[in-house]
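> Keeping their order, the protein sequence lines are chains G and P.
The opening residue of the first sequence carries number -5 in our numbering; numbering runs sequentially from there.
The opening residue of the second sequence carries number 61 in our numbering; numbering runs sequentially from there.
Where is the CB? At the ideal position from N, CA and C, for every residue including glycine.
Sending over a structure as structure tokens; questions will come in a sec.
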Amino acid sequence: MARARLLLLLCLFTAIPFSVLAQEQRCLICHGKTNLSSRDASGAVRSLYINEETLRGSTHGKLSCVDCHLDVLELPHARKLKKVNCIACHSKGRTFDQGPAIEYLIYRDSVHAREQEKGNPKAPDCATCHGSHDVLSHADIRSRGYRLNIPDRMCGRCHGQALAEYRKSVHGRFTTGGDMNPPICTDCHTEHGIRRTVDPFSTVYATNIIAMCVKCHGDFSIMRRYGKNTEEVETYYESFHGVATKFGEKNIAHCVSCHGYHAIKARDDPTSSINPANLPKTCGQVKCHPGATANFAKGKVHIDPKSKDSGIIYYVSFGFKWLTITVLLVLFIHIFLDFMRKLQEKRRKRT
Amino acid sequence: MANEADYVERFTASERAVHLLIFSSLIILSITGLTLKYHESWFAQSIMRLEGGVLFRGKIHRTAAVVLIATFAYHLLSIMFTRRGRDFFEHMIVRKKDLIDGANLIRYNLGLRKEKPRFDRFSCIEKIQYWAAGLAVVFLGLSGFMLWFETLFMMVFPKWVVDLNHVVHSFEATVGFLVLVVWHLYNVHLNPQVFPMNRAWLTGKISKEEMRRDHPLEYERLYGNGKG
Chain G
-5 MARARLLLLL CLFTAIPFSV LAQEQRCLIC HGKTNLSSRD ASGAVRSLYI NEETLRGSTH
55 GKLSCVDCHL DVLELPHARK LKKVNCIACH SKGRTFDQGP AIEYLIYRDS VHAREQEKGN
115 PKAPDCATCH GSHDVLSHAD IRSRGYRLNI PDRMCGRCHG QALAEYRKSV HGRFTTGGDM
175 NPPICTDCHT EHGIRRTVDP FSTVYATNII AMCVKCHGDF SIMRRYGKNT EEVETYYESF
235 HGVATKFGEK NIAHCVSCHG YHAIKARDDP TSSINPANLP KTCGQVKCHP GATANFAKGK
295 VHIDPKSKDS GIIYYVSFGF KWLTITVLLV LFIHIFLDFM RKLQEKRRKR T
Chain P
61 MANEADYVER FTASERAVHL LIFSSLIILS ITGLTLKYHE SWFAQSIMRL EGGVLFRGKI
121 HRTAAVVLIA TFAYHLLSIM FTRRGRDFFE HMIVRKKDLI DGANLIRYNL GLRKEKPRFD
181 RFSCIEKIQY WAAGLAVVFL GLSGFMLWFE TLFMMVFPKW VVDLNHVVHS FEATVGFLVL
241 VVWHLYNVHL NPQVFPMNRA WLTGKISKEE MRRDHPLEYE RLYGNGKG
């Protein structure tokens, strides 16, 4: 009896994988053909070929077709299938050993999701960025989500101009060369929760963008690798521009007002917005300092009065500091003596 | 003491109005200026909100500056065109006697000298404060206008001059503010002889007794040698 039960169990466990495989083979009877295609609503040809090897090599390689295409209940299936609902599994966790994934909840408030709700056909959903049958872990160098692939293979496919500007920027040049540190799209815009620039909750909103730049430019351990320091951040916070933005003014210069955003370039690049030759134009924007002359470029921009690099400004403020201290000290001594004397006078008068 | 005849007019109504306008605009200028300079401190954070943000704070600052400069101009005009104003100014001019008085006052306070220096209408301390305040208005006004019309000034001056001017404006103002708060408020409030307050800025009057004590030369000039 016991032996019969064991045999039954054995049969069952071996039969399940075989039946799954058999099922896949049935899908691939049609979808394994390279020329299988259909026309979508706009009339464009869409390939329906599935490369089995790619699918098996993806993170979802162990799943069967119907795990995602839940509405395939019989063959031949309906002409039009529903979109795959990634959330059905991923609301429970990114992988089976992790907690529930919140990426979808974040995505739901993003500009991409909102556009999709409005019915914009170009707005991306999960598969637009992550791919469908070829999803790989972001740690895999072949993955679209691999750090250095994100600009070209995710965002840049739609945001072509931003990508072109980014590639010419200091940040883009480093990442093109394989450096993992400089920012890519998602470092400033975030991944799933991308919002419009004018949205106050956006990480690139006027008063929030500074924090994005400061993440790296305020970190000396990162900056020193590129021969830079963090004084730009500190001096900005001390400047009038910095104080005004800190207290919530939106129409005051912050990092990108002068440096640009996707096309940030080094100062010595003649096409850079902060090249001394271009500074009058950059400072002289209509809402900033209209009528700015070449004098705007004569002098350091990020000045720290406490640093000797600031030249005369350092010496003058140093002098003033000691003048203030001396004046106060002398004044206090004088007042103390005067007070004691007057008190004495008053007492003498009374008695 | 209560007798009307015991009091002499020290400041006319117009002079008191000038004082009122100067100190109220200076208080506003100090508060709005210091909140920008010490923007990291907790009091600046809360005051900044009352001031309507950084940019509106600037508007308040400039309005108060215009009031101060207008008052200053009014004072200059009164010196130039009224008899009393000219008289006031003549007594304010720093003379050799003031240097000697200053040195003697220090010696007296240190107990190295028996008698107090004898002052005329304005003591050497009052003169220092008057001139310091006047020069501060001139210098801070000039550097303030330079900051106000920055772009205009930068048509002539390079950026570093404007930056230097910014630092100078802020430090000058701080020194001026501290001297004013510490010294002037001591002299007219905490000073044991007048505590809790010298009322001359409100009533414009000084008692003859006080005049004999603090401005003996003036007293003698007006009422003869100590007989009142």
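Could you tell me which chain P residues have their CB closer than 7 angstroms to the CB of D332 (chain G), listed as they occur along the chain?
If you number the first sequence from 1, residue 332 (chain G) lands on position 338. Neighbours of D332 (chain G) on chain P, chain order: N169.
> Going residue by residue through the stretch 240 to 273 of chain P, where are the continuous beta strand (DSSP E) segments of at least 3 residues, counting only ones entirely within it?
Here the runs fully enclosed are 265 to 267.
> Against chain P, does K336 (chain G) count as a neighbour if the rule is that its beta carbon must be under 8 angstroms from one of theirs?
Here residue 336 (chain G) refers to the residue found at position 342 of the first sequence. For K336 (chain G), the answer is yes, since a Cβ of chain P falls inside 8 angstroms of its Cβ.
> Would L22 (chain G) and E46 (chain G) qualify as a contact pair, given that the criterion is a beta-carbon distance under 8 angstroms?
For the purposes of this step, residue 22 (chain G) is identified with residue 28 of the first sequence, where counting begins at 1. For the purposes of this step, residue 46 (chain G) is identified with residue 52 of the first sequence, where counting begins at 1. Yes, the Cβ-Cβ distance between L22 (chain G) and E46 (chain G) is below 8 angstroms.
> Report buried or exposed for R344 (chain G), applying the criterion of at least 16 other Cβ atoms within 10 angstroms of its Cβ.
By 1-based counting over the first sequence, the position of residue 344 (chain G) is 350. Flag for R344 (chain G) reads exposed.
> Flag this pair as touching only if the stretch 94 to 108 of chain P and the stretch 159 to 169 of chain P have three or more C-beta atom pairs under 8 angstroms; answer yes or no.
Too few Cβ pairs lie closer than 8 angstroms, so no.
> Can L136 (chain P) and L322 (chain G) be called in contact, C-beta distance under 8 angstroms?
For this step, residue 136 (chain P) is matched to residue 76 along the second sequence. For this step, residue 322 (chain G) is matched to residue 328 along the first sequence. Not closer than 8 angstroms, so no.
> Please report whether the beta-carbon of T345 (chain G) lies at a distance below 8 angstroms from any beta-carbon of chain P.
What you label residue 345 (chain G) is simply residue 351 of the first sequence in a count that begins at 1. No, no contact with chain P.
> With 16 other CB atoms within 10 Å as the buried threshold, where does W243 (chain P) fall?
The residue labelled residue 243 (chain P) in the question sits at position 183 within the second sequence. It is buried - the Cβ of W243 (chain P) has at least 16 other Cβ atoms within 10 Å.
> I need the DSSP call for Y279 (chain P), collapsed to helix, strand or coil.
By 1-based counting over the second sequence, the position of residue 279 (chain P) is 219. Here Y279 (chain P) sits in helix by DSSP.
> In angstroms, rounded to a whole number, what distance separates the CA positions of A72 (chain G) and V66 (chain G)?
For this step, residue 72 (chain G) is matched to residue 78 along the first sequence. For this step, residue 66 (chain G) is matched to residue 72 along the first sequence. Cα-Cα distance, rounded: 8 angstroms.
> Check the DSSP bridge columns for E308 (chain P) and list the partner residues they point to.
With chain P represented from 61 up to 288, any question about residue 308 (chain P) goes unanswered, as that position is not in the structure.
> For I144 (chain G), collect the residues of the same chain with a Cβ closer than 7 angstroms to its Cβ; drop the 5 residues on either side in sequence, then sort them by chain order.
Taking the first residue of the first sequence as position 1, residue 144 (chain G) is located at position 150. Excluding residues within five positions, the ones whose Cβ falls inside 7 angstroms are I178, C179 and T180.
> How many Å lie between W261 (chain P) and V248 (chain P) at the Cα?
Position 201 of the second sequence, counting from 1, holds the residue named residue 261 (chain P). Position 188 of the second sequence, counting from 1, holds the residue named residue 248 (chain P). Roughly 9 angstroms between the two C-alpha positions.
> What does a CB cutoff of less than 7 angstroms around R141 (chain G) pick up in its chain, not counting 5 residues either side in sequence?
Translated into the one-based positions of the first sequence, residue 141 (chain G) becomes position 147. So the qualifying residues of the chain are M174 and I178.
> So V198 (chain G) is in the alpha helix (DSSP H); what residue range does that whole segment cover?
Along the first sequence, read from residue 1 onward, the residue named residue 198 (chain G) stands at position 204. Here V198 (chain G) belongs to no alpha helix (DSSP H), and DSSP marks it neither H nor E.
> Does DSSP put V280 (chain G) in a helix, in a strand, or in coil?
By 1-based counting over the first sequence, the position of residue 280 (chain G) is 286. Residue state, collapsed to three classes: coil.
> Ends of the beta strand (DSSP E) at V39 (chain G)?
As a working note, residue 39 (chain G) is residue 45 in the first sequence. Its beta strand (DSSP E) spans residues V39 to S41.
> With DSSP as the reference, label R33 (chain G) as helix, strand or coil.
In the first sequence, counting from the first residue as 1, residue 33 (chain G) sits at position 39. Strand, per DSSP.
> Starting from D262 (chain G), trace the alpha helix (DSSP H) in both directions and tell me its first and last residue.
The count along the first sequence starts at 1 and reaches residue 262 (chain G) at position 268. Premise fails: D262 (chain G) is in no alpha helix (DSSP H) and is neither H nor E.
> Can you check whether the C-beta of V248 (chain P) is within less than 8 angstroms of a C-beta belonging to chain G?
Residue 248 (chain P) sits at position 188 when you count from the first residue of the second sequence. So, not an interface residue.
> So if I threshold CB-CB distances at 9 angstroms, which residues from the stretch 214 to 225 of chain P count as touching chain G?
Within the stretch 214 to 225 of chain P, the qualifying residues are M214, M215, V216, F217, P218, K219, W220, V221, V222, D223 and L224.
> Determine contact between the stretch 156 to 168 of chain G and the stretch 75 to 83 of chain G, defined as no fewer than three beta-carbon pairs at a distance below 8 angstroms.
With a cut-off of 8 angstroms, the stretch 75 to 83 of chain G and the stretch 156 to 168 of chain G do not count as touching, because too few Cβ pairs lie within range.
> Have a look at G:C252, G:E185, G:V295 and G:R341 and flag the residue whose alpha-carbon is nearest the alpha-carbon of T276 (chain G).
Counting from one through the first sequence, the residue named residue 276 (chain G) turns up at place 282. Checked all of G:C252, G:E185, G:V295 and G:R341; the closest Cα to T276 (chain G) is G:C252.
> For G201 (chain P), collect the residues of the same chain with a Cβ closer than 6 angstroms to its Cβ; drop the 5 residues on either side in sequence, then sort them by chain order.
Numbered from 1 along the second sequence, position 141 holds the residue referred to as residue 201 (chain P). These residues qualify, in order along the chain: I129.
> Cα separation between S41 (chain G) and Q19 (chain G)?
Residue mapping note: residue 41 (chain G) aligns to position 47 of the first sequence, counting from 1. Residue mapping note: residue 19 (chain G) aligns to position 25 of the first sequence, counting from 1. Straight-line Cα distance between these residues: approximately 19 angstroms.
> How far does the alpha helix (DSSP H) with K209 (chain G) in it reach, from first residue to last?
Translated into the one-based positions of the first sequence, residue 209 (chain G) becomes position 215. Looking at the DSSP string, the run of the alpha helix (DSSP H) that includes K209 (chain G) is I203 to H211.
> Have a look at F83 (chain P) and R259 (chain P) and give me their C-alpha separation to the nearest angstrom.
Within the second sequence, numbered from 1, the residue matching residue 83 (chain P) stands at position 23. Within the second sequence, numbered from 1, the residue matching residue 259 (chain P) stands at position 199. Approximately 15 angstroms between the Cα atoms of the pair.
> Buried or exposed: K219 (chain P), going by 16 or more other Cβ atoms within 10 Å of its Cβ?
Along the second sequence, one-based indexing puts residue 219 (chain P) at 159. With 16 or more Cβ atoms within 10 Å of its Cβ, K219 (chain P) is classed as buried.
> Taking 8 angstroms as the cut-off, does the stretch 68 to 88 of chain P touch the stretch 325 to 344 of chain G (at least 3 CB pairs, one atom from each stretch)?
The stretch 325 to 344 of chain G is not in contact with the stretch 68 to 88 of chain P.
> Just to confirm the assignment, what range does the alpha helix (DSSP H) spanning E150 (chain P) have?
What you label residue 150 (chain P) is simply residue 90 of the second sequence in a count that begins at 1. Run containing E150 (chain P): R143 to M152, per the alpha helix (DSSP H) assignment.
> Grab me the residues of T53 (chain G)'s own chain with a C-beta within less than 7 angstroms of its C-beta, minus the 5 sequence neighbours each way, in chain order.
Here residue 53 (chain G) corresponds to residue number 59 of the first sequence, with the count starting at 1. Hits under 7 angstroms: V129, L130 and S131.
> Which same chain residues end up closer than 6 angstroms to Y134 (chain P) when comparing Cβ atoms and leaving out the 5 residues on each side of it in sequence?
Within the second sequence, the letter at position 74 stands for residue 134 (chain P). Counting only Cβ-Cβ distances below 6 angstroms, and skipping sequence neighbours, we find nothing.
> If you run the structure through DSSP and keep just helix, strand and coil, what is F314 (chain G)?
To locate residue 314 (chain G), count along the first sequence from 1; it is residue 320. Here F314 (chain G) sits in helix by DSSP.
> Assuming I216 (chain G) and V250 (chain G) make a contact with CB atoms under 8 angstroms, what is their CB distance in whole Å?
By 1-based counting over the first sequence, the position of residue 216 (chain G) is 222. By 1-based counting over the first sequence, the position of residue 250 (chain G) is 256. Contact flag wrong, Cβ pair sits at about 19 angstroms.
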